[in-house]
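Peer 1: Have a look at this one before I ask anything.
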């Protein structure tokens, strides 16, 4: 009996001294986040993605962006100037996340020097490619990278809560549309080289990739809580804009949000 108790004691002592395996030291396959949408803004873009990660050493998500040739040129850091960009906890269910890449955020291009983004790094009219990875901190490892996992978006100027009076124009780098009174109704009148369509939408963000077809050169009634998509053509190039009508004030004025792409033939706004 004594020998049995002594043997059990040594087994327990050995188990305690050795401990359980250190799961944080195990490198493993990490679930890859899926980008659902990238919404451009004024010198910024917001990436939306879905992910589920329950790996033992999972610590969050890293956000990258760059150009078509180097899509991970910029590694974004958190406010403590460390990675991951987004510190998150493990989860057994799919979660939705978002992150805005904007002026003032911390980044590195070499893994050593940490700087802050400026308008030179994220310019209106210049496409960028965004990539999101899941990250485990010990040992340092990330989910796989393939070009197909990244998404393109192009920052652009915007105007919010802008009042436009009758006979006034909505303008960007060029005239987009004119607001006119036609037989007692407010309508959007196209420019000489413009065309327009109306779609359902609750904000500018509801359509971020402009359609190439489906526009009309005819004037169109202005309706509150609707989204208008505009294409202006110059010398064979197309410039895309969008207008969300917040409210219509009789036949005198409207309140709108609008955004316009300053570069030609960019299918992102």
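Numbering (the working numbering), first residue to last: 41 to 309.
Every residue, glycine too, gets a C-beta built ideally from N, C-alpha and C.
(1) Provide the residue(s) that pair with residue 238 in DSSP beta bridges, ordered along the chain.
(2) Looking at C-alpha atoms only, which residue of 299, 278, 75, 154 is the closest neighbour of residue 267?
(3) For residue 109, name the three-state secondary structure that DSSP assigns.
(4) Starting from residue 232, follow its DSSP beta bridges and name the residues at the other end.
(5) Does the distance from the C-beta atom of residue 280 to that of residue 307 stay below 9 Å?
(6) Find the nearest neighbour of residue 223 within the set 260, 197, 250, 210, judged by alpha-carbon distance.
(7) On the three-state DSSP scale, how would you describe residue 328?
(8) Can residue 196 and residue 81 be called in contact, C-beta distance under 9 Å?
(9) Enumerate, from N- to C-terminal direction, the unbroken beta strand (DSSP E) stretches of 3 or more residues contained entirely within the segment 167 to 253.
(10) Relative to the C-alpha of residue 255, which residue among 235, 200, 71 is closest?
(11) Can you list, in chain order, the residues of its chain with a C-beta nearer than 7 Å to that of residue 290? Leave out the 5 residues immediately preceding and following it.
(12) Looking at the secondary structure, which residues open and close the beta strand (DSSP E) in which residue 90 lies?
(13) What residues match up with residue 156 in a beta bridge as DSSP calls it?
(14) Let me check you understand the geometry: is the CB of residue 295 closer than 8 Å to at least one non-hydrogen atom of the ligand NAD?
(15) Could you name the residues of the same chain whose beta carbon sits closer than 7 Å to that of residue 305, not counting the 5 residues immediately before and after it, in chain order?
(16) Which residue wins for smallest C-alpha separation from residue 69, given the options 90, 121, 179?
(17) State the DSSP-derived secondary structure class of residue 135, mapped to helix, strand or coil.
(18) Assign residue 77 to one of three DSSP states: helix, strand, or coil.
(19) Find out if the Cβ-Cβ distance for the pair residue 101, residue 174 is shorter than 9 Å.
(20) Taking the C-alpha atoms as reference points, what is the distance between residue 79 and residue 89?
(21) Could you pull out every residue in the same chain whose Cβ sits closer than 6 Å to the Cβ of residue 257, ignoring the five residues on either side in sequence?
(22) Assuming residue 149 contacts residue 121 under a Cβ cut-off of 8 Å, what Cβ separation, rounded to an integer in Å, is found between them?
Peer 2: So, from the listed chains and residues:
(1) In the DSSP assignment, residue 238 is bridged to 268.
(2) For the residues 299, 278, 75, 154, the minimum Cα distance to residue 267 belongs to 299.
(3) Here residue 109 sits in coil by DSSP.
(4) Beta-bridge pairing links residue 232 to no other residue.
(5) Yes. Within cutoff.
(6) With distances taken between Cα atoms, residue 223 lies closest to 260.
(7) Residue 328 lies beyond the stretch modelled for the chain, which goes from 41 to 309, so this question has no answer here.
(8) Contact: yes.
(9) If one requires a minimum length of 3 residues, the beta strand (DSSP E) runs lying completely within the segment 167 to 253 are 168 to 176, 191 to 193, 198 to 205, 209 to 211, 215 to 222, 225 to 230, 234 to 240, in chain order.
(10) Taking only the C-alpha atoms, the option nearest residue 255 is 235.
(11) Scanning its chain for C-beta atoms nearer than 7 Å, with the 5 sequence neighbours on each side dropped, one finds no residue around residue 290.
(12) In the DSSP assignment, residue 90 falls within the beta strand (DSSP E) that extends over 84 to 91.
(13) DSSP, once it has assigned bridges, lists 146 as partnering residue 156.
(14) With respect to small molecules bound, the structure shown includes none, and the ligand NAD cannot be examined in it.
(15) Answer for residue 305: 277, 278, listed in chain order.
(16) It is 179.
(17) For residue 135, the secondary structure class from DSSP, reduced to helix, strand or coil, is strand.
(18) Note: residue 77 maps to strand in three-state DSSP.
(19) For residue 101 and residue 174, yes; Cβs fall inside 9 Å.
(20) Each residue's CA atom was taken as its position, placing residue 79 and residue 89 some 12 Å apart.
(21) 230, 235.
(22) 14 Å between Cβ atoms; not a contact.
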